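In this note's numbering, the protein residues as written are 654 to 787.
Glycine included, each C-beta is placed from N, C-alpha and C at the ideal position.
These numbers were taken from a predicted model, which means no experiment stands behind them.
Inspection log for the structure reproduced underneath, given as structure tokens.
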């Protein structure tokens, strides 16, 4: 008998991401982008902090610079993704978000050289894809 649990988790994740995108689109009409990013991140931070305390695990790390870099990149990526959702039609923003890995692959194997600016935009998500569409 096949195990359908992984497929159901994927469907649930897709549904939750679609719901989040729709809520960001609605919220962007009256709330600033930094507020949306903050309130998107706050519950996760609180839950992770509570889980660490409950398990009596240390939050401090020896690799604090890499942790800080990861946080900065994550927040910047969230800003760019939410910006795309707020400015583009929801279907277009979602399609571009899901196809970002394909653009990275295409750039890696193309003969055209990529500038540092384009590379940074690619790695930070879909900002370079949004500019031509606005």
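Exposure of residue 787, with buried meaning 16 or more beta-carbon neighbours within 10 Å: For the purposes of this step, residue 787 is taken as the residue at position 134 of the chain shown. Caution applies to residue 787, whose pLDDT of 42 falls short of 50 and renders its modelled position unreliable; the model cannot decide the point.
Where the alpha helix (DSSP H) containing residue 684 begins and where it ends: Within the chain shown, the letter at position 31 stands for residue 684. Element bounds for residue 684: n/a, residue is neither H nor E.
Residue span of the alpha helix (DSSP H) that contains residue 718, given as start and end: On the chain shown, position 65 is the one that residue 718 refers to. From DSSP, the alpha helix (DSSP H) with residue 718 extends over 717 to 740.
Pairwise C-alpha distance: residue 673 and residue 749: As a first step, residue 749 is located in the chain shown; it is residue number 96 there, counting from the start. As a first step, residue 673 is located in the chain shown; it is residue number 20 there, counting from the start. The alpha-carbon atoms of residue 749 and residue 673 are separated by roughly 16 Å.
Proximity of residue 678 and residue 743 at Cβ, strictly below 8 Å: Translated into the one-based positions of the chain shown, residue 678 becomes position 25. Translated into the one-based positions of the chain shown, residue 743 becomes position 90. Yes. Within cutoff.
Sequence-distant residues of the same chain with beta carbon closer than 6 Å to residue 783, five excluded per side: Looking up residue 783 in the chain shown gives position 130. Because the pLDDT at residue 783 is just 45, under 50, the model does not fix this residue reliably, and the value given afterwards should be weighed accordingly. The answer, listed in chain order, is 737.
Pick from 698, 655, 762 and 681 that is closest to residue 740, judged by C-alpha positions: Indexing the chain shown from 1 puts residue 740 at position 87. For the residues 698, 655, 762 and 681, the minimum Cα distance to residue 740 belongs to 681.
Residue 686 and residue 756 closer than 8 Å at C-beta: The count along the chain shown starts at 1 and reaches residue 686 at position 33. The count along the chain shown starts at 1 and reaches residue 756 at position 103. For residue 686 and residue 756, no; Cβs fall outside 8 Å.
Alpha-carbon to alpha-carbon, residue 765 and residue 700: The count along the chain shown starts at 1 and reaches residue 700 at position 47. The count along the chain shown starts at 1 and reaches residue 765 at position 112. Using only the alpha carbons, I get a separation of about 44 Å.
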